[in-house]
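A.B. asks: Take a look at this one; I'll ask things after.
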Amino acid sequence: MPVPLIHATDLFRPHNDPDDHFDLAVAYALALQGRLELKGIVIDRPPPQFDSDPDLAAVAQLNHVTGLTVPAVVGSPQPMRHPDDTQASASPSDRA
1 MPVPLIHATD LFRPHNDPDD HFDLAVAYAL ALQGRLELKG IVIDRPPPQF
51 DSDPDLAAVA QLNHVTGLTV PAVVGSPQPM RHPDDTQASA SPSDRA
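Using the working numbering, read the sequence shown as starting at 1 and increasing by one per residue.
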């Protein structure tokens, strides 16, 4: 029985560190083997001091190569103030 997984990562382009893309590829490989049910990918938004973007292209490439249709979302640029923070004060585009 496959284990359900939501993969949370700081996957950026240009690359911040090499392990994030490898971790993503491993999650897809395990999903192809039927060991994981890859439910989705949550990508952190890069901090302002980073000159990078969330690497949604890497997810799209792996979806294409594997034939899987794993959804991906990018986290809010607003930091969470507490575990139950609904970010009600964030703009609508940051809450979508």
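Ideal placement from N, C-alpha and C gives every residue a C-beta, glycine not left out. This one's a predicted model, so the numbers in the text were calculated from it and none came from an experiment.
Buried or exposed: histidine 7, going by 16 or more other Cβ atoms within 10 Å of its Cβ?
C.D. replies: As a position in the sequence shown, residue 7 is number 7, starting the count at 1. Histidine 7 is buried by the Cβ-count criterion.
A.B. asks: On the DSSP letters alone, give me the boundaries of the beta strand (DSSP E) that leucine 11 sits inside.
C.D. replies: One-based indexing of the sequence shown puts residue 11 at position 11. Looking at the DSSP string, leucine 11 is not in any beta strand (DSSP E), and its letter there is neither H nor E.
A.B. asks: Taking the runs of the beta strand (DSSP E) that are 3 residues or longer, which of them lie wholly in the segment 16-80?
C.D. replies: Correct list: 36-43 and 72-74.
A.B. asks: DSSP beta-bridge partners for proline 4?
C.D. replies: Taking the first residue of the sequence shown as 1, we reach residue 4 at position 4. Its beta-bridge partners are Glu37.
A.B. asks: Of the choices Thr66, Phe50, Arg45 and His64, whose alpha-carbon is the least far from that of methionine 80?
C.D. replies: On the sequence shown, position 80 is the one that residue 80 refers to. The shortest C-alpha separation from methionine 80 is found at Arg45.
A.B. asks: Applying the 10 Å Cβ sphere with the 16-neighbour rule, what's the burial state of valine 70?
C.D. replies: For the purposes of this step, residue 70 is taken as residue 70 along the sequence shown, with counting starting at 1. Its Cβ being crowded by 16 or more others within 10 Å, valine 70 is buried.
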